[in-house]
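Below is one structure, written out as structure tokens; the observations come after it.
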Amino acid sequence: MTVWTPTDSGHENLYDHDVFAKGAPHNTFKRLRDEDPLSWTDWPDGEGFWNVVRHEDIAALNVNYQLMSSARGIRMEDQTYEEYLARRTFQETDPPEHMKTRMRVGKAFSRPVVAGFEDQIRELCHPILDKAFEMGSFDATHEIARQLPMMMLGRILGTPDEDLPWLVEKGDALIANTDPDFTDHVLDRMQTDEYRMMPFNSPAGAELFDYAKRLLAEKERKGDTEGVLHMILQPDRDGNVMPEHEFRNFFCLLVAAGNDTTRYSIAGGLQAMAHQPELLAQLKSGEVWDTMADEVIRWATPALYFRRTATRDHEMHGKTIREGDKVLLWWASANRDEAVFDDPFRVDFARSPNRHMSFGQGGPHVCLGMHLARLEVRVLFEEIAKRVTVIEPTGDHAFLRSNFVGGIKSLPVRMA
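Counted the way the working numbering counts, the sequence shown spans residues 2 to 417.
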């Protein structure tokens with residue numbers, strides 16, 4: 002039994018958000034892996050782009066930042082240089098500049114520091130699961146998957162709990178800005194020039210900017226010098242301080258990526274358990290805790306692709322990528338590549354090795370929050386396994402309308 006079978010035609014337009022609203026078009030990715038591993042897409046809303054779909058190719062290009070630069074944007078949308086400078090975060094920079102920012106904040110997300118959050122995460126799980134199980138049947142994305150990352154986000158940022166639903170709502174509007182269930186400002190359906198200097202071209206960025214400024218002012222008033230926000234505002238070894246607009250963009254990134262990606266990983270794991278009953282038995286055996294989080298994150302692949310821009314001409318698969326061309330590294334395709342993963346549409350919490358690309362493994366842009374994401378997934382599913390004897394779907398799940406963020410936005414289930 003498999004969790005979910007793709008139904009796309011095998012010849013879908015990868016720029017079309019409506020295609021992804023039915024789930025990632027894995028039949029299309031498979032055809033491209035087999036027949037055209039470096040394909041060109043003409044895009045009616047901007048410059049076209051190359052698609053890289055094989056795991057081997059993606060892994061090789063991902064580490065080669067000298068050839069494939071992040072410093073012109075990480076999404077397929079075109080930007081002027083002025084817009085890029087206004088909207089960029091450290092994700093959209095290359096070494097050595099990229100590493101300077103990572104060094105500022107890396108300690109806060111290091112494996113030893115994150116390990117210290119385990120008891121706190123477990124304590125947060127209890128009331129979340131208590132509330133959900135009282136309902137019996139519920140939307141697991143909203144009642145479970147959304148709640149834990151939201152609460153942890155508050156602990157990391159040092160924000161009041163009462164502010165968290167608003168923050169997550171604004172983060173959703175940023176990162177899911179092509180889904181009308183999350184924003185009134187749907188990126189591909191209306192004029193967005195008014196907000197072209199804001200992160201993700203979204204008005205939510207302006208609101209988060211103002212919130213960050215008030216939050217910092219309140220922390221300074223209280224003499225609060227703990228946490229990530231204080232850390233990233235400290236001078237680096239050369240005495241340089243992060244400019245205000247870069248801090249605000251980083252804050253938006255933490256709110257959006259720090260919540261959504263873990264949420265959709267958890268939702269993907271719960272979807273898998275609802276359709277593969279043997280997965281619950283795997284958890285209850287207690288033998289898969291070292292491997293299950295990575296399998297959940299492989300299956301979910303919350304970031305579907307990251308864009309790079311070629312810095313010089315490059316020959317590949319008999320074709321020439323030209324300097325300045327956009328190149329999309331499709332994590333979603335890499336994570337279902339049969340050359341790397343046996344039976345990739347079957348979830349196996351014991352899968353090992355698991356060379357998934359969800360964290361951008363191997364490159365300088367490897368996900369800053371990967372240790373926290375793994376820990377949140379593992380601890381939550383440990384607590385679920387202690388309580389649950391059955392998880393089953395009670396209706397159809399629904400995917401985000403986004404070709405950038407892969408996620409199940411609603412997941413009706415029954416747990417007992």
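Idealized CB from N, CA, C, for every residue including glycine.
In this structure, the straight-line span from the alpha carbon of G137 to that of T395 is close to 11 Å. Short of 8 Å from the beta carbon of V256, and not among the five residues preceding or following it, lie these beta carbons of its own chain, in chain order: L154, L158, L168, V169, K171, G172, L175 and L209. Per DSSP, reduced to three states, the secondary structure at D140 is strand. In the structure shown, I392 falls within a strand segment according to DSSP collapsed to helix, strand and coil. Cβ contact annotation for M293 (same chain, cutoff 6 Å, sequence separation greater than five): F350, in chain order. DSSP places H318 outside any alpha helix (DSSP H), giving it a letter other than H or E. In the displayed model, N52 falls within a strand according to three-state DSSP.
A distance of 7 Å or more separates the beta carbons of T142 and L254.
Excluding residues up to 5 positions away in sequence, H372 lie with their Cβ nearer than 6 Å to the Cβ of R112 in the same chain.
Excluding residues up to 5 positions away in sequence, M416 lie with their Cβ nearer than 6 Å to the Cβ of V389 in the same chain.
Rounded to the nearest angstrom, the Cβ distance from L271 to I145 is 7 Å, consistent with a contact under 8 Å. Under the three-state reduction of DSSP output, M153 falls in the helix class.
In the three-state reduction of the DSSP assignment, W167 falls in the helix class. For C126, the closest alpha carbon among the candidates E393, T102, L381 and L281 is that of L381.
Under the three-state reduction of DSSP output, I385 falls in the helix class. Around the CB of Y82, fewer than 16 other CB atoms lie within 10 Å, so the residue is classed as exposed. Judged by DSSP in its simplified three-state form, R34 adopts helix. Between the segment 397-416 and the segment 280-287, the count of Cβ pairs shorter than 8 Å is below three; the stretches do not touch. Excluding residues up to 5 positions away in sequence, V54 and R55 lie with their Cβ nearer than 6 Å to the Cβ of R34 in the same chain.
Assignment of S353 by DSSP, reduced to helix, strand and coil, places it in the coil class.
W332 and V187 have their C-alpha atoms some 24 Å from each other.
According to the DSSP secondary-structure assignment, F307 is paired through a beta bridge with L330. Put simply, the backbone Cα of C368 is about 15 Å away from that of R264. A straight line joining the alpha-carbon of I267 with that of S359 spans about 14 Å.
Taken in chain order, the whole alpha helix (DSSP H) runs of length 4 or more contained in the segment 217-269 are 229-233.
V106 is a Cβ neighbour of I233, given a cutoff of 7 Å.
Membership of V114 in the alpha helix (DSSP H) is indicated by the continuous run R112 to A116. Under the criterion of beta carbons closer than 8 Å, Y66 and G364 qualify as touching, at roughly 7 Å. Pairing V378 with R356 gives a Cβ-Cβ distance that is not under 7 Å.
Shown here, L39 sits in a strand according to DSSP, grouped into three states. The shortest CA-to-CA distance from D58 to any of L330, V414, E339 and P354 is the one to L330.
As the crow flies, the alpha-carbon of T94 is around 12 Å from that of E247.
In the DSSP assignment, K285 falls within the alpha helix (DSSP H) that extends over E279 to S286.
Measuring C-alpha to C-alpha distances from A177 to each of L230, P7, R352 and D19 identifies D19 as the nearest. When beta bridges are read from the DSSP output, F400 appears opposite I409.
Measuring C-alpha to C-alpha distances from G407 to each of K320, F110, S334 and M100 identifies S334 as the nearest.
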